[in-house]
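Novice: Those sequence lines, one after another, are chains A, B and C. Just so it is clear: in the first sequence, position 243 is 903 by this note's numbering, and no numbers are missing. Just so it is clear: in the second sequence, position 24 is 251 by this note's numbering, and no numbers are missing. Just so it is clear: in the third sequence, position 234 is 284 by this note's numbering, and no numbers are missing. Note that CB positions come from ideal geometry on N, CA and C, so glycine has one too. The structure that follows is given in the form of structure tokens.
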Amino acid sequence: MDLGEINPVLLVASLMVAATPLLLAAIGELVVEKAGVLNLGVEGMMIVGAISGFAISVESGSPWLGFIAAAIGGALLSLLFVLLTQIALANQVASGLALTLFGLGFSALMGQSYVGVKPPDMSEIHIPVISDIPVIGPILFQHDPILYVGIALTAAVWATLKYTRVGLVLRAVGENHDAAHALGYKVIKIRILAIMFGGACAGLGGAYISLIRVPQWTEGMTAGVGWIALALVVFASWKPWRALLGAYLFGGITVLQLNLQAAGVAIPVEYLAMSPYIITILVLVILSADKSSAPASLGRTFHASH
Amino acid sequence: MTMPLLSLQDLTKAYPGVVANDHVTFNIDEGEVHALLGENGAGKSTLVKMIYGLVKPDSGKMMLRGQPFMPQEPRAARADGIAMVFQHFSLFDALNVAENIALGMENPPAMSDLASRIRGVSETYGLPLDPYRTVGDLSAGERQRVEIIRCLLQDPKLLIMDEPTSVLTPQEVEILFETLKKLRSEGTSILYISHKLEEIRALCDNATILRLGKNVGECVPAETSAREMAEMMVGATLQTPQRAGRDFGEVALDVSGLTVPSPSDFGTALQNVHMTVRKGEILGIGGVAGNGQDELLGVLSGEILTTSDAIKFNGQAIGKLGPTARRKLGVLTAPEERLGHAAAPDMSLIENALLTGSVREKLENNGFLKWTETKGFAEKIIQAFDVRTPGPENAARSLSGGNLQKFVIGREVLQDPDVLVVNQPTWGVDAAAAAAIRQAILDLAAKGTAVICISQDLDELMEIADSFAALNEGRLSAPRPTTGLTVDEIGLMMGGAHGMEVAHV
Amino acid sequence: MIVLEKRPQPSRAWSFATPLVAVLATMVFGGVLFAVLGKNPVEAIGTIFWEPLFGEFAFYYRPQLLVKGAPLVLIAIGLSLGFRAGIWNIGAEGQYIMGAIFGAAAGLAFYPLEAWYIFPVMVFAGALGGWVWAMIPAILKVRFGTNEILVSLMLVYVAEQILASVSLGLLKNPEGFGFPGSRNLQSYPSAYNSELITGSGMHWGVVAAFVAVIFAYVLLNRHLLGFHIRLTGEAPRAARFAGVNPARLILFCLGTSGVLAGLAGMFEVSGPSGVVSIDFNVGYGFTAIIVAFLGRLHPLGIMLAGFLMALTYIGGEIAQSQLGLPAAAIQVFQGMLLFFLLAFDLLTNYRIRAARSEVA
């Protein structure tokens, strides 16, 4: 065992990479939940995003096209959730589970011919001078563009929810859909858009795993990241910046346990590998006491009777 | 003759099984306060929803200042100068006052400008309100002010008010009326929906009366007696419940020093509540909605547990007993919310009979259910309380509000309670059913049951209660005998006008 | 324009019909999927639904229906109790794994002793393993209000890691030449959950599944506790008013589903599988969610749904070997089934009408 082999600068830099898929998925789900919808299908949308992004970037040779395809793939799958919960008024918990089960199977089917293939590289941004600053440079300024997209998205969602009319209406719909309907807002339409945004974000998050973080395709490779993203939204009390903080915290744990495994620490691999899940549970326990910031209509089905 | 502001012609809207509006025709003039009067279920709400663009009529037409008017959505209605204050507030608890108001406007200004405009309007019309307070923390009267200011900021030509006084204390009602009269003097028309006749007589210029969806008459309220209007509204001569003079027995229920936090975020904590009810006595508890009524019912039913001594039944401390144990002793309750609290909407009446009846009616044996006996109990309730339903197998939600309420009250009354607590026993119930329910409560008291009736309908309490107390922000005033109480005194017990130090415009 | 109109009460006819309609729709769309994959859709659907029952080798496949269906039914019955009450245990896969580990460990602890009480001890240990694993989300929910969906699911991943750990360590076969995995319980008579009637597929797990169906039926239809479970799901506030203690109900529902999932795992590891190994679990815990919904959360419905789902597993395997249909296609097929079921369920509670055109 040699803890000295763990390089703190690389650790922090790779923490940001590990956190990005979580962040993307969590920000998307945060918007969905702010609109009053609980979509438990994040894992399914991520894995479908992972394979659509992977397949398109391999076929086209462009990781950018891959990411766009992943967003579209995630959004398309979320349309199934829309169909079930917004049109057919099915239970959101059951529908989310259905989405995940279906997504896992569907991605496995789509990905059969991509096992073992290497995707095209997405080059890291390199800004002269800034990126070369010791310590800070590698940590902050030597990443792939999508990582920055994730941070920018967090800022954009935060500003939209807080300062814009669209954000206000979205929050209103999540808070009290009957009142929003009485004022003439299109509850279903707004929710459909939010769900699709969530799907697109989850898709991006999934593709980040298959194209950048790993990068290759294996069945079920999201391994619960979508579920952790759901926990992260609770952790963040539905606040975007706290979601970022939480994602980095979980990213840190994941990277640390991988580094400890590599460094050959005397803890068995399995126990290190289960640590992110156990820590998720612990965090949920600590934060469950305060549910006051949850949108009041979360998970309730809306049907305009008159 | 001047052109009416809004003219409704032959408006018809049918829902499966019921014609909500059947060729309704009337006019509202400029600067007129027009009352729309009718029982629950007479079709008032459907009618105003059509004017506000929430519901589309099946046939008929509307003319606004002589122009055809058919709003496709509330936004269009608002653009044409129609504003509406809803009966059940369309407010967002977690958002602040300014955000709530912005949501009801087409092109809201920036938040800081909006806040100063809110302050301006609230001063002009004597409706004090802080734009940055969270709406969930406001009293019912203050919440209504949010709605009214939201409407006034749009400079409406027609203001629709749906049962606005049901959440106000008598003092707050007076202030509201001042505001409305000021609006009328400025040329705003008001469509005022209510079933409270004295209010209409005090405020409105003209009245249209709806019964079962049909326009059954118009009158000038100031020149018509309340009784005449009531009979037009109900279509029959009204029967007032019979109450026999009676003596009270010993104290059955004794609540002392009861203090509990509310289980919900925007609920009201009960603070140091004291009251006693004697056998055969009906204690009426008045107060504006949201002042702790739900919590008080929860505490008495055993859904919210307290310190053991805070509640005593025949001298026995029961504060820590759950609903089942209290039922066993004879303390029964009927909550306000019929669907989802007093009854499970999708379950049959048989299952709903079991819901509270299992203990006292012996509908189970070591946990195993006796469905035949349960069905018998359900049928007994249906029969005794004239519940209109094809049979006990039907789901609770298939019943009309009045019928389900008769079922819910009947279920408790037939279990022969020693103490019965009811919350809003006749809320949203038609006049005939309301009279039947009140009579049942009076009969029960005559047989020696101690009754607590929580209600926001002061007329109801004056009619059946022997003593009266008011809930205000979780505190209960000292009970006083109802005979000789004046409206002013009652209003003061209810807390006067909330958050209004200067009560004049 | 088409509008939805809430029915005054749920339609009984549709509540029976939706599972059938969903199965038919899945066959149609599954056929389309198989056609896209370049397989003859009629042949593929036929292989999946016909071969196991009436094909040339049906004598071999029919008992397999019981073997595959039993754990699904056992788990789904447990899940349905919670689902009825609005308590979402979706970590049955983890409870299934823990039941298998506990059960196998209890058996292997006696090795090579032969005694009548070993198998009963294993049954108890398996139930205990599943129960313990389900009580974690239950207690956290009761005590801290933690979301049971996320916790029970996280525990699946933890259980999988524990499974990996014990197959490589604690329970590894000392005579296994270093290969991962435990001793084979099939060759340890006292611990072997063998067929009760040779060639029938009937083992103790199948018996347990039937018992669970009857137990759940009586509970839900004849007992106050079952009434309280249904009431809590329909109207939680009314349940409080009726005197239901929500904490106790959560502990009961999650505990029962844990016990049943644990038993399913134990019967599987001591019988059809025989070995604790890294790839011991094949997703029964998740498929059981589909089974529970397909059976409309009704015990008898679940029994039928369990055997239908077992059919798609076995038929899928046949289609895999005979037609080269990818295994993932069957997973998609099962996912589709849940989709259609949820979608068509609309018709139970709502009526679809063509709205009259709006004349102003």
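Pull up the distance between the alpha-carbon of His731 of chain B and that of Leu424 of chain B, whole angstroms please.
Specialist: Confidence in His731 of chain B is poor, its pLDDT being 37 and thus under 50, which makes the residue's placement unreliable; the coordinate value appears in the next sentence. Taking the straight line joining both Cα atoms gives about 24 Å.
Novice: Beta-carbon within less than 8 Å of Pro239 of chain C's beta-carbon, same chain only, minus the 5 sequence neighbours each way: which residues are those?
Specialist: Glu164, listed in sequence order.
Novice: Go ahead and label Asp781 of chain A buried or exposed: buried means 16 or more other beta carbons lie within 10 angstroms of its beta carbon, across all protein chains shown.
Specialist: Classification for Asp781 of chain A: exposed.
Novice: Between Gly81 of chain C and Gln802 of chain A, what straight-line distance do the alpha-carbon atoms span, to the nearest angstrom?
Specialist: For Gly81 of chain C and Gln802 of chain A, the distance between alpha carbons rounds to 49 Å.
Novice: Look at the Cβ atom of Gly734 of chain A, then the Cβ atom of Leu698 of chain A, and state whether they are nearer than 8 Å.
Specialist: No, the Cβ-Cβ distance between Gly734 of chain A and Leu698 of chain A is not below 8 Å.
Novice: Closest Cβ-Cβ distance between Phe540 of chain B and chain C: below 8 Å?
Specialist: Cβ-Cβ to chain C under 8 Å: no for Phe540 of chain B.
Novice: Tell me the residue span of the alpha helix (DSSP H) that contains Glu55 of chain C.
Specialist: Glu55 of chain C -> not in any alpha helix (DSSP H); beta strand (DSSP E) instead, spanning 52-56.
Novice: Between Leu920 of chain A and Leu909 of chain A, is the Cβ-Cβ spacing less than 8 Å?
Specialist: Against a cut-off of 8 Å, the Cβ pair of Leu909 of chain A and Leu920 of chain A comes out as no contact.
Novice: Within the same chain, show all residues whose beta-carbon is closer than 7 Å to that of Lys547 of chain B, passing over the 5 residues directly before and after it, in chain order.
Specialist: Result list for Lys547 of chain B: Leu532, Ser535, in chain order.
Novice: Sorted by chain position, which residues of the same chain lie with C-beta nearer than 6 Å to Tyr352 of chain B's C-beta, five sequence neighbours on each side aside?
Specialist: Thr406, listed in sequence order.
Novice: Do Leu418 of chain B and Val275 of chain B have their CB atoms nearer than 8 Å?
Specialist: In contact: Leu418 of chain B and Val275 of chain B (Cβ atoms closer than 8 Å).
Novice: Which word fits Ala410 of chain C, buried or exposed, when buried means at least 16 other C-beta atoms lie within 10 angstroms of its C-beta?
Specialist: A caution first: Ala410 of chain C carries a pLDDT of 33, below 50, which makes its placement in the model unreliable, though a value can still be read off. Classification of Ala410 of chain C: exposed, given that the 10 Å Cβ count is below 16.
Novice: Is it the case that the Cβ atoms of Ala378 of chain C and Gln772 of chain A are separated by a distance below 8 Å?
Specialist: In this structure, Gln772 of chain A lies closer than 8 Å to Ala378 of chain C by Cβ.
Novice: State the start and end residues of the unbroken beta strand (DSSP E) segment that holds Arg370 of chain B.
Specialist: Note, Arg370 of chain B: premise wrong, no beta strand (DSSP E); alpha helix (DSSP H) at 367-379.
Novice: Considering only C-alpha positions, which residue in the set B:Leu719, B:Leu281, B:Ser704 is nearest to Met502 of chain B?
Specialist: If we check each option's Cα against that of Met502 of chain B, B:Ser704 comes out closest.
Novice: Output yes if chain B places a C-beta closer than 8 Å to the C-beta of Ser948 of chain A; else output no.
Specialist: Cβ-Cβ to chain B under 8 Å: no for Ser948 of chain A.
Novice: Which term fits His966 of chain A, buried or exposed, when burial requires 16 or more other beta carbons within 10 angstroms of its beta carbon?
Specialist: With a pLDDT of only 46 at His966 of chain A, under the threshold of 50, the placement of this residue in the model should not be trusted; the figure read from the coordinates follows. Result: exposed.
Novice: Can you look up His963 of chain A in the DSSP assignment and give me helix, strand or coil?
Specialist: Reduced to three states, the DSSP call for His963 of chain A is coil.
Novice: Consider the Cβ of Leu510 of chain B: report whether some Cβ of chain C lies at a distance smaller than 8 Å.
Specialist: By this cut-off, Leu510 of chain B is not an interface position.
Novice: Please check the pair Phe540 of chain B and Leu480 of chain B, which I expect to be a contact at CB under 8 Å, by giving their CB distance rounded to whole angstroms.
Specialist: About 6 Å separates the two Cβ atoms, so the contact holds.
Novice: Do Glu591 of chain B and Ser585 of chain B have their C-beta atoms within less than 8 Å of each other?
Specialist: For Glu591 of chain B and Ser585 of chain B, yes; Cβs fall inside 8 Å.
Novice: Is any beta-carbon of chain A found at less than 8 Å from that of Met424 of chain C?
Specialist: Residue 424 of chain C lies beyond the range of chain C shown here (51 to 410); nothing can be said about it.
Novice: Per DSSP, which one or two residues make a beta bridge with Phe695 of chain B?
Specialist: Answer is B:Gly511, B:Arg707, bridged to Phe695 of chain B.
Novice: Figure out for me which residue from C:Glu198, C:Ala177, C:Glu143, C:Leu220 has the closest Cα to the Cα of Leu942 of chain A.
Specialist: If we check each option's Cα against that of Leu942 of chain A, C:Glu198 comes out closest.
Novice: Taking the beta strand (DSSP E) that Asp389 of chain B falls in, what are its first and last residues?
Specialist: Segment 385-389, the beta strand (DSSP E) holding Asp389 of chain B.
Novice: Between Glu318 of chain C and Gly255 of chain C, how many whole angstroms is the CB-CB distance? I'm expecting something under 8 Å.
Specialist: Glu318 of chain C to Gly255 of chain C, Cβ: 7 Å. Contact.
Novice: Which of helix, strand or coil does DSSP assign to Cys303 of chain C?
Specialist: Helix, per DSSP.
Novice: If you reduce the DSSP assignment to three classes, tell me which class Ala663 of chain B lands in.
Specialist: Residue state, collapsed to three classes: helix.
Novice: Leaving out five residues on either side along the sequence, give the residues of the same chain with a beta carbon under 7 Å from the beta carbon of Phe604 of chain B.
Specialist: Answer for Phe604 of chain B: Ala580, Gly584, Glu588, Leu590, listed in chain order.
Novice: Considering Glu257 of chain B, what are the terminal residues of the alpha helix (DSSP H) in which it resides?
Specialist: Segment: none, Glu257 of chain B is in no alpha helix (DSSP H) and carries neither H nor E.
Novice: Do you know how far the Cα of Leu700 of chain A is from the Cα of Ala750 of chain A?
Specialist: Rounded to whole angstroms, Ala750 of chain A to Leu700 of chain A spans 13 Å at the Cα level.
Novice: Within 8 Å of any Cβ in chain B, is that where the Cβ of Arg62 of chain C sits?
Specialist: Chain B, which has no Cβ nearer than 8 Å to the Cβ of Arg62 of chain C, makes this no.
Novice: Figure out for me which residue from B:Pro644, B:Asp670, B:Val504, B:Leu437 has the closest Cα to the Cα of Ala262 of chain B.
Specialist: Nearest option by C-alpha distance: B:Leu437.
Novice: Does any residue of chain C bring its CB to less than 8 Å from the CB of Gln752 of chain A?
Specialist: It does not: the Cβ of Gln752 of chain A has no partner Cβ on chain C nearer than 8 Å.
Novice: Would you mind reading off the limits of the alpha helix (DSSP H) that contains Met456 of chain B?
Specialist: Met456 of chain B -> alpha helix (DSSP H) spans 453-461.
Novice: Are Leu344 of chain C and Pro162 of chain C close, meaning C-beta to C-beta below 8 Å?
Specialist: No, Cβ-Cβ distance for Leu344 of chain C and Pro162 of chain C is not below 8 Å.
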